[in-house]
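Chemist:
Pasting the structure below:
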């Protein structure tokens, strides 16, 4: 029922004259069996699915060698640069990161297939609606300036049914407000820097969880990470991270915090790191 699967995977393939291999649901343990059975030219998934698939690649060398993927698509959440690089090295094809939401009939921006321009860490250029970045006062911002991502166009919803409060907050200054924070570059390629509601306010200092995630993902023992706000008596909020370690690797909370301290300003370093077997989906 998610629009990523319905539009980006199913309807786009059928509209292009392709065929679709439908599984009963996502199962990382069966992914390489399905890859061998269906021989797809591409697949699309959310980052957590890609991360669940990667550790199993080494156990399925024959299926991996037979794979004929032209590209892999990722959407619905930010794809860590480290995961993108590992996917490309594992499957030997480009990863196309894109950006979509239900209110825009899914796709809003996408990187291009080679030889088109592709920028790792970016969700690409507009691919449907008009995309801009806006200041709180309604001004459209220039390249390099961070603000709220806004969109408009014929594929953008006209409004939420029977929800005037949501409509009042989402539609302003002639644009639909996504609630995402981002920045455009000189090529009009968009980088999503976080959800506005998820920005951590540590005593007035604003911290993007995605920035912290990106740094912690560079730690050789870290496989997955989610950074979030933790309540604090004096500061209001403090930075905390939940981490899943790579199979066969070990690291302590102190190790991970120390690693972060070499790459982040002190106020951005997680004060609490929780090591889990898996991050709840």
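Numbering (this note's numbering), first residue to last: 8 to 288.
Ideal Cβ placement from N, Cα and C applies to all residues, glycine included.
As the structure is a prediction and not an experimental result, all values here were calculated from the model.
1. With three or more C-beta pairs closer than 8 angstroms as the rule, is the stretch 121 to 128 touching the stretch 202 to 214?
2. Just the C-alpha distance for residue 10 and residue 113, rounded to the nearest angstrom, thanks.
3. Determine, using beta carbons only, whether residue 234 and residue 287 come nearer to each other than 9 angstroms.
4. At which residues does the alpha helix (DSSP H) containing residue 238 begin and terminate?
5. So, is residue 86 buried or exposed, given that buried needs 16 or more other C-beta atoms within 10 angstroms?
6. Can you find at least 3 beta carbon pairs, one from the stretch 131 to 146 and one from the stretch 180 to 192, that sit closer than 8 angstroms?
7. Could you tell me which of 66, 253, 237, 198 sits nearest to residue 226, measuring between CA atoms?
8. Cβ atoms of residue 160 and residue 111: under 9 angstroms apart, would you say?
9. Please check the pair residue 53 and residue 84, which I expect to be a contact at CB under 8 angstroms, by giving their CB distance rounded to whole angstroms.
10. According to DSSP, which residues form a beta bridge with residue 48?
11. Output the distance between the C-alpha atoms of residue 140 and residue 197, rounded to the nearest integer angstrom.
12. Counting only runs that start and end within the stretch 110 to 195, where is the alpha helix (DSSP H) found for 4 or more residues in a row?
13. Residue 251 and residue 205 look like a contact to me (Cβ under 8 angstroms); what is the Cβ gap, rounded to whole Å?
Modeler: If we stick to the structure as given:
1. no
2. In the chain shown, counting from the first residue as 1, residue 10 sits at position 3. In the chain shown, counting from the first residue as 1, residue 113 sits at position 106. About 6 angstroms.
3. Taking the chain shown and counting its residues from 1, the one referred to as residue 234 is at position 227. Taking the chain shown and counting its residues from 1, the one referred to as residue 287 is at position 280. Result no, Cβ atoms of residue 234 and residue 287 do not sit closer than 9 angstroms.
4. Counting from one through the chain shown, the residue named residue 238 turns up at place 231. No alpha helix (DSSP H) contains residue 238, which is instead part of the beta strand (DSSP E) from 229 to 239.
5. Numbered from 1 along the chain shown, position 79 holds the residue referred to as residue 86. With 16 or more Cβ atoms within 10 Å of its Cβ, residue 86 is classed as buried.
6. yes
7. One-based indexing of the chain shown puts residue 226 at position 219. The residue with the shortest Cα to Cα distance from residue 226 is 253.
8. Along the chain shown, one-based indexing puts residue 111 at 104. Along the chain shown, one-based indexing puts residue 160 at 153. Yes, the Cβ-Cβ distance between residue 111 and residue 160 is below 9 angstroms.
9. Locating residue 53 in the chain shown gives position 46, counting from the first residue. Locating residue 84 in the chain shown gives position 77, counting from the first residue. At roughly 6 angstroms, the Cβ-Cβ gap stays under 8 angstroms, so residue 53 and residue 84 are in contact.
10. Your numbering for residue 48 matches position 41 in the chain shown. Residue 48 pairs with nothing; no bridge assigned.
11. Numbered from 1 along the chain shown, position 133 holds the residue referred to as residue 140. Numbered from 1 along the chain shown, position 190 holds the residue referred to as residue 197. In a straight line, the C-alpha of residue 140 is about 9 angstroms away from that of residue 197.
12. 171 to 177
13. Within the chain shown, the letter at position 244 stands for residue 251. Within the chain shown, the letter at position 198 stands for residue 205. The pair is not a contact, with the Cβ atoms about 19 angstroms apart (cut-off 8 angstroms).
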